[in-house]
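The structure appears right after this line, and notes come after that.
There are 2 protein chains.
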Amino acid sequence: MRKAFHHDLDRVTEDLVEMTRLAGSAISRATTALLDADLVLAESVIAADADLDDLRERLDFQAIDLLARQQPVATDLRMVVTAMRMSSDLERMGDLARHVAKIARLRYPSSAVPAEFRAVVVDMGRVAESIVLKAGAIIAARDVEGARTIEADDDAMDDLHRLFFERIAASDWSHGTETAVDLTLLSRYYERFADHAVSVGHRVIYLVTGHYDPDAEGSHEDTEDVLLPTRR
Amino acid sequence: MRKAFHHDLDRVTEDLVEMTRLAGSAISRATTALLDADLVLAESVIAADADLDDLRERLDFQAIDLLARQQPVATDLRMVVTAMRMSSDLERMGDLARHVAKIARLRYPSSAVPAEFRAVVVDMGRVAESIVLKAGAIIAARDVEGARTIEADDDAMDDLHRLFFERIAASDWSHGTETAVDLTLLSRYYERFADHAVSVGHRVIYLVTGHYDPDAEGSHEDTEDVLLPTRR
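Protein chains in written order, with our numbering: chain A, 1 to 232; chain B, 1001 to 1232.
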């Protein structure tokens, strides 16, 4: 029975890693759709999110089934519970990528991103893709050391997020408030995407060490609320 | 053993209802702090979020302990798993209320909300408080019929959210982009707050009926992406 159980757990891990791949692909393609005002690509990102939702559903069914049939304890129990939480993070990351794609679609044939914001959006897309792929490698290898460094990757996103808001709130803004709204939401989506990747990293630490602390277990605290520019 | 188990489950339910109360109080007080530029109140909302985090932590420990010791199956298992998901929604609602309070604190001694947005913010705060208290009553009574109506309450929030964005993107905007950024984030926080309450309602339906569908089980889809005003 334990052999079968561990076979099932391996399958769960594979599904989680596959979810990180899908989320990485989604945010990368959504960023391209946004920058190139590519409607077809945006539509494909929006449609593909259903795959991530299906995978999450399958994974959660499997996890509940494992709990019911195998009644795991200790580390095995922790693995199943943690997998369900990671799948929730990863599904949400897919939603956020889809939101980016929807803004691309909404503003087509224009791009929602003014020229001087393109470079920052490119960087946000790169950081987002890289952090979720890193999360996948961490899950696959149960890599606690890697997981401990993922917060530093998120710092890069927070810096970009801060830069974004500072530029939007600058006094010489000339793009209208509709674009300000779009960019505020976009920046928030990328930042939350990275937060969920950090949360996945923390969950791997919990999984392996059993060490519970609010940061390692709860959702990673999102940071936008300390990043708003102060009133000048 | 089953009697002890059901006693423990009742305790979990009580904790969930208590979490809805704390989240309701937080969003109500955060709204007041925001509108009155009340720094002391804003600080107290920010500090009180730790109580919600603690309660979530306790509840999750209890749930994992129940899984390990009692190895529930069928409805009992569903109850434990669903409780962990609801606690995650409710903790996140507390975070969102804290975000509102942090914007209030950031803009003190000014109010982040211009005069003509006050009425909409008042309404958003009322809908948010009412929907989380409703979610609490639904949890306490396992009220599937009530849970089926909670989406309609969320529609009121979506209408307010849409109104907000339309007004921000209007061509006669005179409040600067910093205020546009603040209001965009605020509107998003209230809207996500209500989404999580809907998600709690869906989870109660799943808990009682065992009926799994993506809407009833996954996080409630947030709706902001269809609400952005179209480019004029």
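C-beta: ideal position from N, C-alpha, C; glycine also. Bear in mind the structure is a predicted one, so any value in this text is a computation, not a measurement.
Which of helix, strand or coil DSSP assigns to Q1071/B: coil
Residue burial classification, I1135/B (beta-carbon count within 10 angstroms, cutoff 16): Note that residue 1135/B corresponds to Ala in the displayed sequence, not to Ile. Buried.
Against chain D: residues of the segment 1177-1192 of chain B by CB proximity under 8 Å: Of the protein chains in the structure, A and B, none is chain D.
Closer than 7 Å to chain B by CB, I168/A: yes
Straight-line Cα distance separating T1177/B from D10/A: 49 Å
Those runs of the alpha helix (DSSP H) which lie wholly inside the segment 1121-1158 of chain B and span at least 4 residues: none
V122/A versus D159/A: straight-line alpha-carbon distance, rounded: 14 Å
Coarse secondary structure for D95/A, derived from DSSP in three states: helix
Start-end ranges of the alpha helix (DSSP H) lying completely within the segment 16-92 of chain A, minimum 4 residues: 39-70
Distance CB(D49/A)-CB(G94/A) smaller than 7 Å: yes
7 Å Cβ cutoff met for I138/A and G146/A: yes
Straight-line gap, P1229/B to A1023/B (C-alpha atoms, nearest Å): Note that P1229/B scores a pLDDT of 42, beneath 50, so its modelled location is shaky and nothing firm can be said.
Top-ranked residue by Cα proximity to R1148/B, from R1078/B, S1087/B, V1198/B and S1110/B: V1198/B
Segment contact, 8 Å Cβ cut-off, at least three pairs: the segment 123-134 of chain A with the segment 24-34 of chain A: yes
Bounding residues of the alpha helix (DSSP H) (the contiguous stretch that carries S1199/B): G1176 to T1209
Beta-carbon gap between H1059/B and L77/A smaller than 7 Å: Looking at the sequence itself, residue 1059/B is Leu, so the reference to His does not match. No, the pair does not count as a contact, with Cβ atoms beyond the cut-off.
As assigned by DSSP and simplified to three states, the class of D10/A: helix
Status (buried if at least 16 other CB within 10 Å, exposed otherwise) for D195/A: buried
Chain A within 7 Å of L1077/B, Cβ atoms only: yes
DSSP-derived helix/strand/coil call for A170/A: coil
Alpha-carbon spacing of F236/A relative to D54/A, whole angstroms: Since the first residue of chain A shown is 1 and the last is 232, residue 236/A is not available in this structure.
Residue-chain proximity (L9/A, chain B), Cβ-Cβ < 7 Å: no
Within chain B, the residues that V81/A reaches when beta carbons sit closer than 8 Å: I1064, L1067 and M1084
Status (buried if at least 16 other CB within 10 Å, exposed otherwise) for E1224/B: Unreliable placement is indicated for E1224/B, whose pLDDT of 43 sits below 50; the coordinate value is still reported in the next sentence. Per the 10 Å Cβ criterion, buried.
Option nearest H161/A by Cα separation, candidates H175/A, A170/A and L183/A: L183/A
CA-to-CA distance, E1191/B to D1233/B, given in whole angstroms: Any property of residue 1233/B remains undetermined from this structure, which presents chain B solely from 1001 to 1232.
Own chain partners of H220/A with C-beta closer than 6 Å, once the 5 adjacent residues on each side are dropped: Any reading at H220/A must be qualified, since the residue scores a pLDDT of 47, below 50, and its modelled position is unreliable; no value is offered.
Whole-angstrom distance between W1173/B and G201/A, CA atom to CA atom: 42 Å
is_contact[V121/A, chain B] using C-beta, thresh 7 Å: no
Neighbourhood of R231/A by C-beta distance below 7 Å, restricted to the same chain and skipping five residues each side: Residue placement at R231/A cannot be trusted, given a pLDDT of 37 that sits under 50; the coordinates are not used to answer.
Interface partners of V1113/B on chain A, CB under 7 Å: Neighbours of V1113/B on chain A: none; closest Cβ ~14 Å, over 7 Å.
The ligand PLP heavy atom lying under 6 Å from the CB of M1157/B: Looking for the ligand PLP in the displayed structure turns up nothing, as the structure carries no ligands at all.
Straight-line Cα distance separating M1157/B from M1124/B: 6 Å
6 Å Cβ shell around R1092/B - same chain, five flanking residues per side excluded: H1196
Distance CB(V1208/B)-CB(R1142/B) smaller than 7 Å: yes
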